[in-house]
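Those sequence lines, one after another, are chains R and S. Numbering (UniProt numbering) for the first sequence: 1 to 142. Numbering (UniProt numbering) for the second sequence: 1 to 204. Positions of the beta carbon are idealized from the N, C-alpha and C atoms, including for glycine. Predicted, not measured: the structure shown is a model, and the values here were computed from it.
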Amino acid sequence: MKLYPRQRHRVLQVVTKLVIPFVLMFGLYVQFHGDYGPGGGFQAGVIFASAFILHGLIFGLQRTRAVLSPTVLRFMMASGVLLYAGTGLVTMLFGGTLLDYDVLAHDPLHGQHWGIFAVELGVGITVTAVMVTLFYGFASKR
Amino acid sequence: MDTFIIIVLLTFLAIIAIGIIVLRDLLGAVILLGAYSLTAASAFVVMDAVDVAFTEAAVGSGVSTILFLGALSFTKHEQKPRGHDSWLALVFVVVTGGLLIYGTLDMPHFGSAISAAQTHPDLAVRFLEQSGAEVGPPNIVTSVLASYRGYDTLGETLVVFAAGVAVLSLLGLKRRRPEDDAPEHAPGDTPAPDSDDFLAERAE
Chain R
1 MKLYPRQRHR
11 VLQVVTKLVI
21 PFVLMFGLYV
31 QFHGDYGPGG
41 GFQAGVIFAS
51 AFILHGLIFG
61 LQRTRAVLSP
71 TVLRFMMASG
81 VLLYAGTGLV
91 TMLFGGTLLD
101 YDVLAHDPLH
111 GQHWGIFAVE
121 LGVGITVTAV
131 MVTLFYGFAS
141 KR
Chain S
1 MDTFIIIVLL
11 TFLAIIAIGI
21 IVLRDLLGAV
31 ILLGAYSLTA
41 ASAFVVMDAV
51 DVAFTEAAVG
61 SGVSTILFLG
71 ALSFTKHEQK
81 PRGHDSWLAL
91 VFVVVTGGLL
101 IYGTLDMPHF
111 GSAISAAQTH
121 PDLAVRFLEQ
131 SGAEVGPPNI
141 VTSVLASYRG
151 YDTLGETLVV
161 FAAGVAVLSL
171 LGLKRRRPED
181 DAPEHAPGDT
191 PAPDSDDFLA
201 ERAE
């Protein structure tokens, strides 16, 4: 059954528009609340990416690529890893060993807090970018 | 009670797995794979592995279902019926499965007192008792993952990055075309019929 474009998925489009902000918000919550509850960079990255994938499914790949272009994704993929490894290099510059966050602040606990924050953010950025890239790669080949 | 729930969930897992094997409709099999992951995630929750359950639910039943659907759009939705059954394949699968089951016999039972986590109490007890003072976060999983084993997690992130690079180099993304930057419709409008609309192709 072929529907006319205007009638196609109207309900899905409206619901998607309502849902996406909450998905993104939940992704941020999982990212930055991972210290206190279940979650962390990996899960947050997947949740964050799923919002973009949902957008791509409902509104078509063109629109999503206009929001989040493959060039930006490639940049994000590398920058997440660099943020992680860079944190390790900074701890070495401060006189510690690789990824020893104690030296990042005067109080070792604060240092650990900052280190884990940076590292999880790096994981989240890379996972988001890779997941959306996988989706683009599969969905744009036809 | 926990044992009962686990038995029910594992029975579901077995039924879903058999369903995936039997089903000739690939679209249905992909959806069942998502259901399989969700059931597995529920089992992880019952085992108090909330972080693992979270990952399983998000990756297993969320993103990989979508990726399988994307892969399906390259091919047909029906599995090709095979005229003959390969006995060699059956023997191979039975032998491999038997070896795997034989391997699990050496593993300690769930929650067993002789599991590695219990026989090396210096590690588990140290993480449980000292991580609050040494690292801070109340979620000990985060402490272990990001701080005690930060080096391993760096490796995992590199693996994810490598997967992304591999997909980029194998499938490749189309170069940015001018029409990508400026959709010809107003935002909120339905896309043109000839656009690469994912759901539309599935529905037809």
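Suppose contacts are defined by Cβ-Cβ distances below 8 Å. Is residue 208 (chain S) in contact with I20 (chain S) by that definition?
No information on residue 208 (chain S) is available, as it lies outside the stretch 1 to 204 that chain S covers here.
Considering T157 (chain S), what are the terminal residues of the alpha helix (DSSP H) in which it resides?
Your numbering for residue 157 (chain S) matches position 157 in the second sequence. Per DSSP, the continuous alpha helix (DSSP H) segment holding T157 (chain S) begins and ends at 150-170.
Inter-residue spacing [alpha-carbon to alpha-carbon] between Y84 (chain R) and A118 (chain R)
The residue given as residue 84 (chain R) occupies position 84 in the first sequence. The residue given as residue 118 (chain R) occupies position 118 in the first sequence. Cα to Cα, Y84 (chain R) sits roughly 7 Å from A118 (chain R).
Residue-level contact to chain S via CB, residue 146 (chain R), 8 Å cutoff
Any property of residue 146 (chain R) remains undetermined from this structure, which presents chain R solely from 1 to 142.
By Cβ distance below 7 Å, which residues in the same chain neighbour S140 (chain R) in space, the five residues on each side in sequence not counted?
Stepping through the first sequence from its first residue, residue 140 (chain R) is reached at position 140. Non-local beta-carbon contacts of S140 (chain R) in its own chain, meaning distances under 7 Å to residues more than five positions away in sequence, involve L61 in chain order.
Leaving out the 5 sequence neighbours to the left and right, which residues in its chain are closer than 8 Å to R63 (chain R) when beta-carbon positions are compared?
Locating residue 63 (chain R) in the first sequence gives position 63, where the first residue counts as 1. So the list reads H55, G56, once near-sequence residues are dropped.
Quick one, which residues of the segment 56-81 of chain S are near chain R if we go by CB-CB under 8 Å, in chain order?
Within the segment 56-81 of chain S, the qualifying residues are A58, V59, G62, V63, I66, L67, G70, A71, S73, F74.
Q31 (chain R): contacting residues in chain B (beta-carbon distance under 8 Å)
No chain B is present in this structure, whose protein chains are R and S.
Positions along the segment 31-58 of chain S whose CB lies within less than 7 Å of some CB in chain R:
From the segment 31-58 of chain S, only V50, D51, F54, T55, A58 have a Cβ closer than 7 Å to chain R.
For M131 (chain R), which residues of its own chain have a beta-carbon under 8 Å away from its beta-carbon, when the five flanking residues on both sides are left out?
Taking the first sequence and counting its residues from 1, one reaches residue 131 (chain R) at position 131. Counting only Cβ-Cβ distances below 8 Å, and skipping sequence neighbours, we find G45, V46, A49, S50, I53.
I need the boundaries of the alpha helix (DSSP H) containing L69 (chain S), first residue and last residue.
To locate residue 69 (chain S), count along the second sequence from 1; it is residue 69. In this chain, the alpha helix (DSSP H) harbouring L69 (chain S) covers 64-72.
So what's D25 (chain S) in DSSP terms, helix, strand or just coil?
As a position in the second sequence, residue 25 (chain S) is number 25, starting the count at 1. For D25 (chain S), the three-state secondary structure derived from DSSP is strand.
Could you check which residue in R:L28, R:I116, R:Y136, R:F135 has the C-alpha nearest to that of T153 (chain S)?
Position 153 of the second sequence, counted from the start, is the residue given in the question as residue 153 (chain S). Among R:L28, R:I116, R:Y136, R:F135, the Cα nearest to that of T153 (chain S) belongs to R:I116.
Below 7 Å on C-beta distance, what does T142 (chain S) contact in chain R?
Numbered from 1 along the second sequence, position 142 holds the residue referred to as residue 142 (chain S). Below the 7 Å Cβ cutoff, chain R contributes G34, D35, G40, I116 as neighbours of T142 (chain S), in chain order.
Count the other CB atoms, across all protein chains shown, that sit within 10 Å of the CB of H84 (chain S); report buried if there are 16 or more and exposed otherwise.
Counted from its first residue, the second sequence places residue 84 (chain S) at position 84. Under this definition H84 (chain S) is an exposed residue.
Tell me, please, which residues DSSP counts as bridged to E129 (chain S).
Looking up residue 129 (chain S) in the second sequence gives position 129. Per DSSP, none; premise fails for E129 (chain S).
Taking just the CA atoms, how far does L72 (chain S) sit from L93 (chain R)?
Sequence index remark: in the first sequence, residue 93 (chain R) carries index 93 (1-based). Sequence index remark: in the second sequence, residue 72 (chain S) carries index 72 (1-based). The straight-line gap from Cα to Cα measures roughly 49 Å.
Between the alpha carbons of V160 (chain S) and I125 (chain R), how many angstroms are there, rounded?
Numbered from 1 along the second sequence, position 160 holds the residue referred to as residue 160 (chain S). Numbered from 1 along the first sequence, position 125 holds the residue referred to as residue 125 (chain R). Cα atoms of V160 (chain S) and I125 (chain R): separation of roughly 11 Å, rounded to the nearest angstrom.
Note down the Cα distance separating F4 (chain S) from T39 (chain S), rounded to an integer number of angstroms.
As a first step, residue 4 (chain S) is located in the second sequence; it is residue number 4 there, counting from the start. As a first step, residue 39 (chain S) is located in the second sequence; it is residue number 39 there, counting from the start. The alpha-carbon atoms of F4 (chain S) and T39 (chain S) are separated by roughly 15 Å.
Between residue 208 (chain S) and chain R, is there a C-beta pair that is closer than 8 Å?
Not covered by the structure: residue 208 (chain S). The range shown for chain S is 1 to 204.
Residues bridged to E120 (chain R) [DSSP beta-bridge criterion]:
To locate residue 120 (chain R), count along the first sequence from 1; it is residue 120. Answer is none; E120 (chain R) lacks a bridge partner.
Does G80 (chain R) have its Cβ less than 8 Å from a Cβ in chain S?
Taking the first residue of the first sequence as position 1, residue 80 (chain R) is located at position 80. Yes - at least one Cβ of chain S is within 8 Å of the one on G80 (chain R).
Which partner residues of F78 (chain S) appear in the DSSP bridge assignment?
Position 78 of the second sequence, counted from the start, is the residue given in the question as residue 78 (chain S). Sequence check: residue 78 (chain S) is Glu here, not Phe. E78 (chain S) is bridged to S:D25.
How long is the line joining the alpha carbons of H109 (chain S) and S115 (chain S), rounded to whole angstroms?
For this step, residue 109 (chain S) is matched to residue 109 along the second sequence. For this step, residue 115 (chain S) is matched to residue 115 along the second sequence. Cα to Cα, H109 (chain S) sits roughly 8 Å from S115 (chain S).
Please confirm if residue 210 (chain S) has its CB atom under 8 Å from at least one CB of chain R.
Nothing in the structure corresponds to residue 210 (chain S), since chain S is present only between 1 and 204.
Under the three-state reduction of DSSP, which class applies to H33 (chain R): helix, strand or coil?
Position 33 of the first sequence, counted from the start, is the residue given in the question as residue 33 (chain R). Coil.
Flag this pair as touching only if the segment 85-105 of chain R and the segment 16-23 of chain R have three or more C-beta atom pairs under 8 Å; answer yes or no.
Short answer: they don't touch.
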